[in-house]
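Read left to right, the sequence shown gives residues 1256 to 2055 (the working numbering). Built from N, CA and C at the ideal position, the CB exists for glycine as well. Quick notes on the structure that follows.
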Amino acid sequence: MVTCFHCGDECLDIKIEQDEKSFCCHGCKTVYDILHENDLGYYYDLESTPGTSPNSIEGKFDYLDNTTIAEKLLEFNDQNFQIVSFTIPSIHCSSCIWVLENLNKLQKAVQTSQVNFPEKTVRITFNAEEISLKELVILLSRIGYEPTISLEDSQKKKKEYNRSLTYKLGIAGFAFGNIMFLSFPEYFEVQEFWLDQFKHVFRWLMFAFSLPVVFYSGRGYFISAYKGLRSGFLNIDVPIAIGIAVLFIRSTIDIFFDWGSGFFDSLTGLIFFLLLGKFFQQKTYAFLSFERDYKSYFPIAVTRLLRSKSGLISEEQVEVYEISKGDRLLIRNNEILPVDAILIKGNALIDYSFVTGEAELVRKTSGDKLFAGGKQQAGILEVEVLKPISQSYLTQLWSNEAFSSEKPNLFQSLTDSISKRFTIGVLSIAVIATVFWLLVDPSKAFNVFTAVLIVACPCAIALASPFTLGNMLRIFGRNKLYLKEASVIEHMAKVDTVVFDKTGTLTTHKKNSITYEGILLSEEEIVLLTSSLRASNHPLSRALYAILDKNNIQTLDAFEEVTGKGISARQNGMRLKIGSKAFVEKDISIAAPISSDNLAKTAVHVSSNDDYKGCYIFQNKYREGVSEIFETLHRGSEVIVLSGDNEGERERLEQLLPKGTELYFNQKPDDKLEFVKNLQQLGKYVMMVGDGLNDAGALKQSDVGIVISEDINVFSPACDGILDASRFQYLTSYLQLSKKAIKIIKWSFILSLAYNLIGLSFAVTGNLMPVVAAILMPLSSISIVVFTTLATQYVSRNLK
1256 MVTCFHCGDE
1266 CLDIKIEQDE
1276 KSFCCHGCKT
1286 VYDILHENDL
1296 GYYYDLESTP
1306 GTSPNSIEGK
1316 FDYLDNTTIA
1326 EKLLEFNDQN
1336 FQIVSFTIPS
1346 IHCSSCIWVL
1356 ENLNKLQKAV
1366 QTSQVNFPEK
1376 TVRITFNAEE
1386 ISLKELVILL
1396 SRIGYEPTIS
1406 LEDSQKKKKE
1416 YNRSLTYKLG
1426 IAGFAFGNIM
1436 FLSFPEYFEV
1446 QEFWLDQFKH
1456 VFRWLMFAFS
1466 LPVVFYSGRG
1476 YFISAYKGLR
1486 SGFLNIDVPI
1496 AIGIAVLFIR
1506 STIDIFFDWG
1516 SGFFDSLTGL
1526 IFFLLLGKFF
1536 QQKTYAFLSF
1546 ERDYKSYFPI
1556 AVTRLLRSKS
1566 GLISEEQVEV
1576 YEISKGDRLL
1586 IRNNEILPVD
1596 AILIKGNALI
1606 DYSFVTGEAE
1616 LVRKTSGDKL
1626 FAGGKQQAGI
1636 LEVEVLKPIS
1646 QSYLTQLWSN
1656 EAFSSEKPNL
1666 FQSLTDSISK
1676 RFTIGVLSIA
1686 VIATVFWLLV
1696 DPSKAFNVFT
1706 AVLIVACPCA
1716 IALASPFTLG
1726 NMLRIFGRNK
1736 LYLKEASVIE
1746 HMAKVDTVVF
1756 DKTGTLTTHK
1766 KNSITYEGIL
1776 LSEEEIVLLT
1786 SSLRASNHPL
1796 SRALYAILDK
1806 NNIQTLDAFE
1816 EVTGKGISAR
1826 QNGMRLKIGS
1836 KAFVEKDISI
1846 AAPISSDNLA
1856 KTAVHVSSND
1866 DYKGCYIFQN
1876 KYREGVSEIF
1886 ETLHRGSEVI
1896 VLSGDNEGER
1906 ERLEQLLPKG
1916 TELYFNQKPD
1926 DKLEFVKNLQ
1936 QLGKYVMMVG
1946 DGLNDAGALK
1956 QSDVGIVISE
1966 DINVFSPACD
1976 GILDASRFQY
1986 LTSYLQLSKK
1996 AIKIIKWSFI
2006 LSLAYNLIGL
2016 SFAVTGNLMP
2026 VVAAILMPLS
2036 SISIVVFTTL
2046 ATQYVSRNLK
């Protein structure tokens, strides 16, 4: 097997030799030549076969000549100085980074280029007087790094990062460390002359350090508590705010009247750990997009046909939002139709798999209606627009209320529920204890009242959920399940119904199972078949050729490919036809005897000298572990398969999946959304597992939406999580871990309540010393963090 020196692909069609190296196509050889002409050969030293095969780009980026469209892609435009950022999915190694950051050596007009590897983007600064945006994109495409430019890019907004939590955490940590250092002499009651002399200075320094912590870092808790009280409920921030206020007031009184050093160390430590938990909870995967819609998939521009008064037709590139009803559009091969339209001219073979989930190509004739989102696979089409993009079938799916609704944070409501009872209990204990000491020893009443409120501050309870879920979020990410936020884990733990899409979710795009049904082909026929397939670019031809490529390839006497229908080839008096059933049967008097079981399946038919031979049946290749996943889920959950495909795979699925698995076929995107909604109305807690735009509504409507992706950096619809396809077999393990995470949180609640009871026993008896509070409060917070970290690591030990 010979592989390409540039991209590493097999040299199937042709093998080009140069400098004792092999290349699979002229594109890869051209990139090699470009790099070596510009002294960039080090690209290949960083990693073997680092490149990707360049795609055909002729006319593909003509819309960038339209200055209105080009300007929408620019981040900065000041006369000749322009900055643009592109998403480049093919960035995959250090060589890619190196060559993209050395673009200035390939094109002097490029001033700087900076790669963001996690987000697969490159930011380029260039001189627009020397190179246009279109020429820059063509340069990137020629070297194998074609940018992905979609409709979403025309409305791209600069990301805004809110760093206030980071600043608050930094200030609280700085103050906490310094106050702890200043408090050591007080803890151990060191009798030393100079320490006694400066004791009051140290105390007022601690007071000064605490001011920005309370009034800046901790103000969010006061605001949240106030909003909660104003709305008539006690959230977790109410007792926390009370604890912070009492700690600060009591500590200030202590140093003002020289009663002691106060609790400034406990105060700043409390706020620091609370903010650390919040920071941990907010941390997610910024390089993944969980809110993608059709704009990430649609082209930014399209070719519109204009007819002059004299009858001459001209073309212009316009942004898709400028398209109106009645416009005539030119849709080229492999282009996506962005609007609903009527086919006027051309041989339409539409791939709707990304919209409907149906893997079969759909043939359309003049006068038929075409829907937005389909990709043309058989040459050029002329269509007339029925509806603008805002009114198309696909965009109407996005107007469903499911896309605007937010999912509740379950454990926040549970924590608030505990907080309500906890706050009432603590205030009751504080009042009762104070009344008791007013009657027994009034001098202790104030100390007891403040001590109870201080030591009972539920910081450990507030830390239990964010640290447990944050740890689990990190563990999932390490194992290639990337969740949008920690609260998704809470929802996963409640799932009792799992709905799967079939195509692209249970099946893989990378492998196909091909079987032959019919009369055995002779060696001469197989050689002719292989030679014919080698000359075709159709996906099914390529898949079949990959299996037959070990045969002796010969030059054909005649070859004709009818786009979207089939191939006719002749050699040494033998005539072979390969393609659809209708194409092969055209010159045959006896109909092709194909089994009725295979009528609904994808097939490539073969005839030799007008005699029907048989057909190659293409069957989906199901992912590893599908049967095991369904068996495990069936023990405690309802499992359903929703597919946009026809029922051709029903029998095979019934054999593969456990008895009782519900199978639904011919499901449109809105059918899937309504199906999930109906399940929820029956009280089910639904997780939807899909892969494409056709699943977007159901993914958003479901309580948990997980997307299976062969490449996490390419398109995935709006979802709660993205699962790398290589980890599909661990789906049930992730669900089980989610349930274990909830148990850890509940045990953390019990542990934190135990600390509160110990502290209260000191407080109500009037024996709460500063050193006890200084040790007990940080200890409770630290122990919860340690417990949740160790517990989550332990329960996930078998996830490899």
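- Under the criterion of beta carbons closer than 8 Å, glycine 1581 and glutamate 1639 qualify as touching, at roughly 7 Å.
- DSSP lists Thr1376 as the beta-bridge partner residues of asparagine 1371.
- Straight through space, the alpha carbons of serine 1368 and leucine 1529 are spaced by roughly 40 Å.
- Distance from the CA atom of serine 1396 to the CA atom of serine 1405, rounded to whole angstroms, is 16 Å.
- Contact check for glycine 1532 against leucine 1718 passes: the beta carbons are separated by less than 8 Å.
- DSSP, read as helix, strand or coil, puts phenylalanine 1885 in helix.
- Rounded to the nearest angstrom, the gap between the Cα atoms of lysine 1757 and asparagine 1949 is 11 Å.
- According to the DSSP assignment, aspartate 1606 belongs to the beta strand (DSSP E) that extends over 1603-1606.
- With 16 or more other Cβ atoms from the protein chains shown falling within 10 Å of its own Cβ, threonine 1752 counts as buried.
- Around glycine 1880, the same chain offers Phe1983, Gln1984 as residues with beta carbons nearer than 7 Å, after the five sequence neighbours per side are excluded.
- Beyond the five residues adjoining it in sequence on each side, serine 1465 comes within less than 8 Å, by CB distance, of Ala1430, Ile1434, Phe1503, Ser1506, Phe1519, Leu1522, Thr1523 in the same chain, given in chain order.
- The C-alpha of lysine 1270 lies about 25 Å from the C-alpha of histidine 1347.
- Look at glutamine 1922 here: in three-state DSSP terms it is coil, with no helix or strand label.
- Rounded to the nearest whole angstrom, the CA to CA distance from asparagine 1726 to lysine 1994 is 14 Å.
- Here the C-alpha atom of serine 1957 lies approximately 25 Å from the C-alpha atom of glycine 1629.
- According to the DSSP assignment, lysine 1389 belongs to the alpha helix (DSSP H) that extends over 1388-1397.
- Between the beta-carbon of phenylalanine 1704 and that of threonine 1689 there is about 4 Å, and that keeps the pair under the 8 Å contact cut.
- With a beta-carbon spacing of about 14 Å, isoleucine 1963 and alanine 1951 fall beyond the 8 Å limit used to define contacts.
- For serine 1579, the number of other beta carbons within 10 angstroms of its own is below 16, and it is reported as exposed.
- Taking 8 Å as the cut-off, the Cβ atoms of threonine 1760 and lysine 1876 do not count as close.
- Per the Cβ contact rule, the region 2003-2012 is in contact with the region 2034-2046 (3 or more Cβ pairs under 8 Å).
- In this model, valine 1456 and glycine 1515 are separated by some 13 Å (Cα to Cα).
- In the three-state DSSP reduction, phenylalanine 1462 falls in the helix class (H, G or I).
- In the three-state reduction of the DSSP assignment, asparagine 1382 falls in the strand class, which pools E and B.
- Asparagine 1588 is not a Cβ neighbour of isoleucine 1555, given a cutoff of 8 Å.
- Secondary structure of asparagine 1734 (DSSP, three-state): coil.
- Counting the other Cβ atoms within 10 Å of the Cβ of alanine 1706 gives 16 or more, which makes it buried.
- Among the bridge pairs identified by DSSP, lysine 1624 is matched with Ile1597.
- In the displayed model, lysine 1580 falls within coil according to three-state DSSP, outside both helix and strand.
- Leucine 1992 and asparagine 1734 have their C-alpha atoms spaced approximately 12 Å apart.
- DSSP places glycine 1821 in the strand class (E or B) of the three-state scheme.
- It is roughly 6 Å from the alpha-carbon of serine 1898 to the alpha-carbon of glutamine 1922.
- With three or more CB-CB distances shorter than 8 Å, the region 1327-1345 counts as touching the region 1375-1389.
- Between tyrosine 1576 and isoleucine 1491, the gap from beta carbon to beta carbon reaches 8 Å or more.
- With fewer than 16 other Cβ atoms from the protein chains shown falling within 10 Å of its own Cβ, threonine 1770 counts as exposed.
- DSSP places glutamate 1571 inside the beta strand (DSSP E), whose first and last residues are 1568-1574.
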